[in-house]
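There are 2 protein chains.
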Amino acid sequence: MRHAERILKETGIKVTPQRSEILEILTNTKSHPGVESIYLQVKEKFPSVSLATVYKTVELFARTGIIQELCVTRDVSRYDARVEPHPHVNCINCGKVEDVEGLPQDNNIEHAERATGYRILKEETMYFGHCKDCRED
Amino acid sequence: MRHAERILKETGIKVTPQRSEILEILTNTKSHPGVESIYLQVKEKFPSVSLATVYKTVELFARTGIIQELCVTRDVSRYDARVEPHPHVNCINCGKVEDVEGLPQDNNIEHAERATGYRILKEETMYFGHCKDCRED
DNA sequence: TTCTCTGCAAATCGTTTGCATATAC
DNA sequence: GTATATGCAAACGATTTGCAGAGAA
């Protein structure tokens, strides 16, 4: 049984081939793909898959916490199967999203809770700039 | 001359009543409003203002750096006239966005640049949780 | 068998665009 | 006077929804 399938079972989500495939794709990439990109990849194995299914699936996965949704720009959401908190970088030229390795998300949640009165559940840090390929210096 | 008008002149942006009003609104609020909310407020003084003008204006302001765009959820962008880096909290129940006071944005830009090879221009940290009114504990 | 998921197409909604008119400088 | 901004309506594109048929348990 595939890794993804086991996670779905453990989470109590009904297993379907499309769901396994989507989770498998997200688990095996570091590219933080958006829905369109996931859709195109699923399509290679399941040519009749619909965009709506991909939308419903990533929404379900994000809601149950097995993936996280990253809000990068207003036009597209990106998804990440690495759910432990970690910062990201986004290239404002080519749109790429990558993990920042070796930089623990600074844990200021308690401080932020005290300062705001919120009950805080998660933190997300995004760095914006130009990637190696898009830098001009 | 109003505060907003002076900033527009200094930035080299042509001054119009709508632009002054929009910048004035953003300068005088801590609510990090979205376009729809700004539009409704401008409409009180300029009933014939159009949504398109508000969109064009906040895009211009963000591009020239006199305001910043916050990516909170996939559905709406929010705008902030406080442009120096500072973290935000978002209530995942009511959607409110607030500043986190007294918590300097931890400056890991150099580290992130080294770890990723990016030339980083800005950093944004968002905490997600439930605000005072939406907490249930 | 029963309940849920999938795929399709249409609907939605935030945002953008083209263009004629009005306005800032 | 000239270049640019406004307001309108139509276009766009990502996402959501409703529903009939298919598939998982």
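Keeping their order, the protein sequence lines are chains A and B.
Each step along the first sequence adds one to the number in my numbering, with nothing skipped, and position 33 is 33.
Each step along the second sequence adds one to the number in my numbering, with nothing skipped, and position 48 is 1048.
Where is the CB? At the ideal position from N, CA and C, for every residue including glycine.
Any idea what DSSP makes of residue i, helix, strand or coil?
i       : result
B/R952  : Chain B is shown from 1001 up to 1137; residue 952 of chain B falls before or after that span and cannot be answered.
B/T1053 : helix
B/I1022 : helix
A/Y39   : helix
B/V1100 : coil
A/R82   : coil
B/H1032 : coil
A/F61   : helix
B/K1014 : coil
A/T73   : coil
A/R119  : strand
Let me check understanding here. Comparing Cα to Cα, which of the options lies closest to residue i?
i       : options                      : result
B/E1113 : A/G117, A/N90, A/S50         : A/N90
A/R19   : A/G129, A/R6, A/S31, A/F128  : A/R6
A/V69   : B/K1009, B/F1128, B/D1133    : Checking the sequence shown, residue 69 of chain A turns out to be Glu, not Val. For the residues B/K1009, B/F1128, B/D1133, the minimum Cα distance to A/E69 belongs to B/F1128.
A/C94   : A/R74, A/R135, A/A115, A/I66 : A/R135
A/G34   : A/G65, A/K9, A/T64, A/S77    : A/S77
B/V1054 : B/C1071, B/R1063, B/E1036    : B/E1036
A/N28   : A/T73, A/V58, A/E44, A/H3    : A/H3
B/T1073 : B/S1031, B/G1012, B/V1097    : B/V1097
B/K1014 : B/T1057, B/D1133, B/L1121    : B/T1057
How close, in whole Å, do the beta carbons of residue i and residue j come, if the pair is a contact with beta carbons under 8 Å?
i       : j       : result
B/F1046 : B/P1017 : 7 Å
B/H1130 : A/R119  : 5 Å
B/I1025 : B/Q1041 : 5 Å
B/T1088 : B/D1099 : At residue 1088 of chain B the sequence reads His, which differs from the Thr that was named. That pair is a contact at about 6 Å.
B/E1124 : A/A115  : With 8 Å as the limit, B/E1124 and A/A115 do not qualify as a contact, their Cβ atoms being about 17 Å apart.
B/L1103 : A/N108  : 6 Å
A/K132  : B/G1117 : 4 Å
Taking a Cβ distance cut-off of 9 Å, strictly less, list which residues of the region 125-136 of chain A are near chain B, in chain order. T125, M126, Y127, F128, G129, H130, C131, K132, C134, R135, E136
Name the residues in the region 8-25 of chain A whose C-beta lies less than 8 Å from a C-beta of chain B; which are they? none
Using a beta-carbon distance cut-off of less than 9 Å, what residues from the region 1046-1072 of chain B approach chain A? E1069, C1071, V1072
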